[in-house]
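4 protein chains.
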Amino acid sequence: MSTIKKVVLAYSGGLDTSVILKWLRETYGCEVVTFTADIGQGEEVAPARAKAEALGVKEIYVEELCEEFARDYVFPMFRANTLYEGEYLLGTSIARPLIAKRLAEIASETSADAIAHGATGKGNDQVRFELGAYALRPDIQVIAPWREWDLTSREKLLTYAETHDIPVEGKRGTRSPYSMDANLLHISYEGGPLEDPWFEPEEAMWRWTVSPEAAPNEPTYLELDYRCGDIVAINGEVLSPAKVLEMLNRLGGENGIGRLDLVENRYVGMKSRGCYETPGGTIMLKAHRAMESLTLDREVAHLKDELMPRYASLIYNGYWWSPERSLLQQLIDASQATVNGTVRLKLYKGNVTVVGRQSKTDSLFAPEIATFEEDAGAYNQQDAEGFIKLNALRLRIDALKKLSL
Amino acid sequence: MSTIKKVVLAYSGGLDTSVILKWLRETYGCEVVTFTADIGQGEEVAPARAKAEALGVKEIYVEELCEEFARDYVFPMFRANTLYEGEYLLGTSIARPLIAKRLAEIASETSADAIAHGATGKGNDQVRFELGAYALRPDIQVIAPWREWDLTSREKLLTYAETHDIPVEGKRGTRSPYSMDANLLHISYEGGPLEDPWFEPEEAMWRWTVSPEAAPNEPTYLELDYRCGDIVAINGEVLSPAKVLEMLNRLGGENGIGRLDLVENRYVGMKSRGCYETPGGTIMLKAHRAMESLTLDREVAHLKDELMPRYASLIYNGYWWSPERSLLQQLIDASQATVNGTVRLKLYKGNVTVVGRQSKTDSLFAPEIATFEEDAGAYNQQDAEGFIKLNALRLRIDALKKLSL
Amino acid sequence: MSTIKKVVLAYSGGLDTSVILKWLRETYGCEVVTFTADIGQGEEVAPARAKAEALGVKEIYVEELCEEFARDYVFPMFRANTLYEGEYLLGTSIARPLIAKRLAEIASETSADAIAHGATGKGNDQVRFELGAYALRPDIQVIAPWREWDLTSREKLLTYAETHDIPVEGKRGTRSPYSMDANLLHISYEGGPLEDPWFEPEEAMWRWTVSPEAAPNEPTYLELDYRCGDIVAINGEVLSPAKVLEMLNRLGGENGIGRLDLVENRYVGMKSRGCYETPGGTIMLKAHRAMESLTLDREVAHLKDELMPRYASLIYNGYWWSPERSLLQQLIDASQATVNGTVRLKLYKGNVTVVGRQSKTDSLFAPEIATFEEDAGAYNQQDAEGFIKLNALRLRIDALKKLSL
Amino acid sequence: MSTIKKVVLAYSGGLDTSVILKWLRETYGCEVVTFTADIGQGEEVAPARAKAEALGVKEIYVEELCEEFARDYVFPMFRANTLYEGEYLLGTSIARPLIAKRLAEIASETSADAIAHGATGKGNDQVRFELGAYALRPDIQVIAPWREWDLTSREKLLTYAETHDIPVEGKRGTRSPYSMDANLLHISYEGGPLEDPWFEPEEAMWRWTVSPEAAPNEPTYLELDYRCGDIVAINGEVLSPAKVLEMLNRLGGENGIGRLDLVENRYVGMKSRGCYETPGGTIMLKAHRAMESLTLDREVAHLKDELMPRYASLIYNGYWWSPERSLLQQLIDASQATVNGTVRLKLYKGNVTVVGRQSKTDSLFAPEIATFEEDAGAYNQQDAEGFIKLNALRLRIDALKKLSL
């Protein structure tokens with residue numbers, strides 16, 4: 001009775017999406033195309049191909065997308081100094097639009113009617129996948145098994161796997177208590193003991209960074225070169241966006257940088273607790289602000305700061321492929337034309353400290369004007385009187401009115 | 001010829017304002033009232049009284065304003081998670097409105113015609129003093145000697161002091177190369193070698209904090225109790241606002257927390273470089289966000305985040321005593337009614353880490369809904385489908401229109 | 001099997017909600033409480049009681065809520081100069097929160113488990129009713145028959161009515177082609193020929209206003225007295241909020257004022273075309289801006305203007321009972337303390353023209369400063385030079401940087 | 001002693017700027033270059049050349065800039081639906097950047113050191129001229145005679161003219177009581193009896209429009225074709241931007257459209273009262289919103305609405321040539337790609353009524369979804385339940401928390 005003949009599944013090769021693969025065929029009687037992407041999550045994607053083949057999939061997409069991810073998603077987002085709710089670097093959120101795009105494109109390439117994903121009905125990821133897919137393929141159908149099926153516990157899932165010849169790695173009860181997600185920008189942890197917001201995560205949970213305590217006793221200095229708001233070289237070595245992220249992840253991770261423990265507000269209406277490691281991103285945010293501080297006009301910087309929370313919410317909520325995000329991006333990108341130069345940083349036991357910034361071409365820092373020494377007339381201090389008097393005028397008229405009553 | 005008969009001078013007791021005191025009398029033939037406030041700058045104010053007396057001042061105001069400063073200025077500002085240009089905790093800016101208010105009030109009490117201050121014509125402080133004074137005493141006159149006189153170098157100032165019997169402490173050439181400002185919230189450094197934004201500040205510059213390197217190898221844990229967005233107790237001990245700041249400054253300073261090195265945009269139109277130590281404030285910002293993350297509605301939190309940059313600019317630019325700041329404050333304060341509970345923090349070598357947050361009365365964290373486990377129907381995952389479908393509708397209509405062309 | 005024992009129905013007495021009444025009993029086997037409110041829609045509510053009695057309803061609420069509606073909903077909204085999408089005065093939107101509140105309260109009073117309404121699944125009203133009800137009674141259940149039943153056409157509805165002994169007034173096919181909604185603030189028209197946005201509404205559609213062509217050839221002048229942003233008297237006669245609206249509706253309607261023809265964006269994701277008559281509201285908006293122009297500080301006015309679109313969207317989307325609307329309202333209300341005085345208007349053939357405004361207590365218009373004549377030193381024109389120079393400083397530094405390259 | 005050798009004067013040919021011309025030579029001993037532009041003010045510019053020649057000016061620039069003004073300033077501003085303080089169409093403000101640009105360019109062409117203008121020290125125009133000039137020629141000097149000289153009354157000005165052989169047209173005391181400014185977009189009136197905000201302007205003041213009372217008894221219908229947010233044809237006739245404005249001014253003026261009587265907040269800190277006639281602009285604003293209502297995505301439209309007040313203030317305050325205005329313009333312009341189609345309007349005695357809008361290429365109005373009739377499944381009403389439930393979730397959690405206390 002279903003009209004779905006072929007579905008493109010975002011397939012990790014793990015238990016959950018393997019179960020989904022079988023369940024889709026069984027429930028919808030449809031063919032399944034698998035799509036597995038390497039976006040820097042740190043796990044091999046080759047096994048996913050083998051598993052898909054073993055499960056009889058005929059059309060298998062396995063793709064290395066690290067550069068595209070870093071260049072077209074992560075870097076543009078960092079141009080805005082993006083933080084959700086003041087702290088979250090959006091590591092999960094920013095990876096979804098790329099997956100959604102490829103799902104939609106592969107659906108077109110394979111003449112599939114639908115896409116499917118393994119995100120639950122409680123989280124933000126379902127929204128991000130589906131809004132993206134609908135925006136790019138408005139006629140697509142979406143299957144979200146977690147919202148449909150009755151496999152509502154891990155036990156039921158394992159039982160389903162066993163009865164459907166899906167290989168289960170490891171034994172029951174041995175897996176991590178955390179729900180994790182990783183890509184080139186970050187790794188996240190949710191669930192399990194973290195569901196108590198008073199619980200301090202145990203050291204063993206963190207996977208990408210050493211603790212500040214375990215970090216080296218000597219600081220690491222580094223210099224980042226910027227062109228149009230993007231890092232193009234580290235310590236003088238020209239690097240691609242993905243290589244920049246990789247190197248900063250390594251340096252940050254070694255120095256205990258980038259851990260975050262947060263209660264955040266999901267788009268679907270609830271609060272949730274998440275822990276994140278974003279070593280490279282943490283460095284990038286700090287450095288980018290420093291580069292902008294030297295090269296961006298004040299009002300441009302302030303405009304960006306005022307628009308940023310909205311831009312961050314758009315990404316968090318899954319609206320990357322919306323026209324309003326696109327317009328904001330154009331404004332943000334245009335602002336970066338002058339964000340060129342070098343930032344010098346010190347990394348030390350969890351701290352990222354800016355220790356220098358310079359721009360041969362675009363510095364707006366005018367030492368001859370700013371100086372505390374004599375400035376030879378570069379700035380006329382008497383101008384300040386008129387500036388203040390006229391800025392005060394409305395305040396004085398307000399106050400005089402009250403006095404006269 | 002001047003119509004100024006009496007002027008209230010913001011008097012530190014130092015060389016500059018002592019010179020100003022003499023210069024005011026000489027230039028304007030007016031009487032001078034001195035006002036010296038202890039707002040936690042860490043220097044004794046008693047000597048200022050002695051010096052004023054020695055200089056023949058008849059009306060001398062020396063006031064301890066630490067509690068008022070913390071309670072009515074610092075704490076309200078932190079309710080907004082205020083950061084100027086993404087990083088600056090506004091330590092200098094927030095102290096000026098209180099000084100401006102007392103200058104205006106003392107002018108009224110002493111029937112003075114004018115106020116005077118020792119801020120230069122290049123900085124933000126002149127604006128903050130004067131906008132405040134004009135807003136509270138619209139008929140007041142303002143004398144800003146640095147904008148008027150010809151004592152445009154330190155040498156000339158010293159010569160003036162010597163020829164006018166003003167005692168100069170220390171010899172020529174021995175003072176700090178930095179222009180500093182301190183109060184209960186922070187200490188700042190500007191000028192000298194910092195005028196090169198590529199220059200890394202030397203360790204000896206910093207006065208309030210040890211370096212992360214020199215901080216203890218053991219972390220410090222602490223618990224902060226909040227009521228209506230304000231810290232009311234530390235580790236269970238009820239403390240006044242000033243005592244909270246004092247204690248957090250001590251704990252932060254010992255753990256290498258709160259250093260900032262920044263290029264910022266002044267209201268008068270130039271970029272300047274400043275270094276700041278705000279140990280207690282750095283802890284407060286992090287903890288307050290954590291307390292809000294548990295107790296504040298999502299849209300309220302986002303509204304606050306979007307208004308914050310404007311609120312920060314108002315304070316930075318000197319508009320504390322404006323009606324628009326007052327309105328924003330009312331909104332911010334009203335939002336804090338539910339910000340009650342406890343935050344647990346770990347301080348370690350420059351890092352402030354939130355390791356727990358709880359609120360017995362106001363937590364909006366609903367574990368039964370957020371859980372990754374079965375939720376017994378607390379949340380209906382099928383609701384997400386309609387939620388996404390309708391949020392996607394406009395995107396799909398947009399996309400269909402393009403397809404049909 | 002349903003757990004719903006009693007439901008409170010928003011009951012107009014018309015065909016649709018009478019069918020719903022029967023359908024609820026039949027489908028849910030539940031008792032129905034009816035709630036009918038007079039909010040100025042211009043139809044008698046007494047017949048609704050008789051009809052409910054005839055249909056065997058035991059608990060019948062019929063309430064006159066015009067004053068509450070005008071005072072607690074319409075007037076607060078107009079303090080913000082609220083317009084949705086630049087034009088719509090939110091006449092329908094603002095009535096829903098009051099209905100939602102009474103539904104929730106009556107559910108509590110009658111120990112009902114659920115509420116029900118006659119809004120369709122395509123419009124904004126369902127959202128407004130339900131968000132309000134959930135916010136005030138988080139445990140309530142909601143029944144929206146139009147989303148559930150199969151009576152998807154007028155024919156089916158009429159057949160259902162006939163087979164269930166529901167009296168149908170008028171014959172099939174004679175009703176208005178428009179879907180209408182009215183209350184003390186406005187009447188709206190949707191559907192039918194309006195679904196073609198190129199179609200010009202016929203004159204016969206409009207019910208509250210004469211056309212500008214048919215309006216009197218002589219203008220009507222009137223004076224509105226404001227206290228704290230609200231109109232308290234017209235032409236010197238003190239009037240309650242509802243009486244103010246009534247009188248302005250009459251005066252506006254007679255003078256052809258307040259018609260609007262709009263394509264708007266619904267919260268559920270589609271565009272729709274609506275025509276509105278809001279004669280009193282159109283006058284109020286124009287007059288309130290005029291009163292504020294004289295009595296509101298510039299930056300306060302601008303802050304309100306920047307927040308207004310968000311505030312309007314909150315009301316349009318149904319978030320009246322949200323904490324963020326409440327916070328914005330507090331800011332808006334606080335801003336109105338000085339909005340006192342009188343506005344003089346001319347009404348003429350569709351035009352509302354402000355011809356005078358004055359405030360004995362709160363005018364910030366300072367003629368001695370603003371005058372084009374000599375001002376005897378009230379304003380020092382030389383202050384403007386410094387004001388401009390410092391506002392230009394960053395622009396000049398930017399430009400000099402480009403020149404030097 | 002002056003370092004100014006040559007100055008470019010914005011020269012109207014009238015008494016004031018003729019006096020300035022002489023005064024500049026006398027005061028600064030400098031050569032004067034005159035610049036006179038036709039931007040549609042409705043006065044011949046040729047006489048200005050003759051007068052300048054008679055006054056011995058050697059370098060005379062007289063330029064026809066109507067098309068440039070309409071195309072590069074007026075049209076881009078209307079893409080944003082720009083209103084200052086909710087009502088003012090910025091007719092004066094938008095002309096200044098073009099004058100400032102030409103002054104700066106002519107200064108470069110003629111190797112002048114300075115520019116001069118005839119704006120007073122109290123108004124906004126001085127700011128707009130000078131910020132523009134400084135942004136485009138950061139090294140330029142500015143002479144604003146009204147801020148410098150002692151010709152502070154009309155009498156003194158006339159005496160100066162007589163003693164310096166400057167021809168004065170008309171006798172003393174016969175000129176208009178209003179200070180006026182005109183260009184292709186509007187004419188403004190300030191001063192004189194308007195300085196009493198309770199005074200209703202007399203009919204004789206208005207110059208461009210007939211009163212609604214005097215307008216024809218028959219409506220005028222017209223159709224405007226839009227391409228990328230700009231009007232490109234009226235009633236099917238392709239017209240240049242200036243011709244569009246001219247024609248709409250004529251049609252609007254004949255139909256009594258576009259009068260505005262306003263108290264506004266100047267950038268220099270005072271309130272002032274102005275009356276404006278903007279017949280074409282009033283039509284354009286209404287029509288553009290209608291075109292956007294059909295073709296612009298909801299969130300794009302809302303983003304524009306939220307940014308508009310800031311954009312309007314930038315123009316009003318003189319920041320056209322700032323980087324932040326430029327960035328906002330890029331966002332606004334990019335949003336207009338889909339604003340294509342036709343708007344049908346009715347003009348009648350002061351009213352502009354939209355009576356139809358269509359877009360063959362870009363309409364986002366989906367009648368099959370919006371319809372009140374059966375939609376054959378185009379929209380699934382059941383989706384609304386989940387949409388509302390998840391949007392309500394945070395409100396319900398908030399409310400449940402309160403209940404549980």
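Protein chains in written order, with the UniProt record's numbering: chain A, 1 to 405; chain V, 1 to 405; chain L, 1 to 405; chain H, 1 to 405. All residues carry an ideal CB built from backbone N, CA and C; glycine is no exception. Computed from a predicted model, the values in this text were never measured in an experiment.
Spatial neighbours of residue i in its chain, beta-carbon cut-off 7 Å, leaving aside the 5 residues before and after
i: Tyr211/H; result: A small fix is needed here, since residue 211/H is Ser in this sequence, not Tyr. Once the five neighbours on either side are set aside, the close Cβ partners of Ser211/H are Glu203 and Gly256.
i: Gln329/L; result: Pro76
i: Ala133/H; result: Ala100, Leu103, Ala104, Ile115, Ile140 and Val142
Residue i classed as buried or exposed, judged by whether at least 16 other C-beta atoms fall within 10 angstroms
i: Lys402/V; result: exposed
i: Leu400/A; result: exposed
i: Lys58/A; result: exposed
i: Arg250/V; result: exposed
i: Pro175/V; result: In the sequence on display, residue 175/V carries Arg and not Pro. Exposed: under 16 other Cβ atoms inside 10 Å.
i: Pro177/H; result: exposed
i: Gly29/A; result: exposed
i: Gly386/V; result: buried
i: Ala378/A; result: exposed
Closest by C-alpha distance to residue i, when choosing among the options
i: Val263/A; options: Arg298/V, Gly258/V and Met270/V; result: Arg298/V
i: Arg325/L; options: Ala312/V, Val300/V, Arg310/V and Ser322/V; result: Val300/V
i: Ser272/H; options: Asp225/H, Ser313/H, Glu190/H and Leu327/H; result: Glu190/H
i: residue 464/L; options: Tyr61/L, Ala116/L, Lys122/L and Leu83/L; result: Residue 464/L cannot be examined here, being either before or after the span of chain L that is shown, 1 to 405.
i: Pro47/H; options: Cys66/H, Leu15/H, Gly121/H and Ala107/H; result: Leu15/H
Cutoff 6 Å; reference residue i; Cβ partners in own chain excluding five residues on either side
i: Leu294/H; result: Arg357, Ser359, Ser363 and Phe365
i: Met1/H; result: Because the pLDDT at Met1/H is just 42, under 50, the model does not fix this residue reliably, and the point stays unresolved.
i: Leu194/V; result: Arg273
Rounded distance between the beta-carbons of residue j and residue i, thought under 8 Å
i: Asn217/H; j: Tyr267/H; result: Actually they do not touch by this definition, with Cβ atoms about 43 Å apart.
i: Val45/L; j: Thr34/L; result: At roughly 11 Å, the Cβ-Cβ gap does not stay under 8 Å, so Val45/L and Thr34/L are not in contact.
Own chain residues within Cβ distance below 8 Å of residue i, not counting five before or after
i: Leu314/H; result: Trp320, Ser322, Glu324, Arg325 and Leu328
i: Asn81/L; result: Leu285, His288, Arg289, Glu292, Lys304, Asp305 and Met308
i: Ala214/V; result: Gly256
With a floor of 4 residues, list each alpha helix (DSSP H) that falls wholly inside the segment 2–70 of chain L, ordered by position along the chain. 15–28, 46–54 and 66–69
For the segment 315–382 of chain V, which segments carrying the beta strand (DSSP E) assignment without a break, of at least 3 residues, lie completely within its bounds, in sequence order? Listed in chain order, they are 341–348 and 351–358.
Fully enclosed by the segment 132–165 of chain V, which alpha helix (DSSP H) runs are 4 residues long or longer? 145–148 and 154–163
Runs of alpha helix (DSSP H) wholly within the segment 86–120 of chain L (minimum 4 residues, chain order): Here the runs fully enclosed are 96–109.
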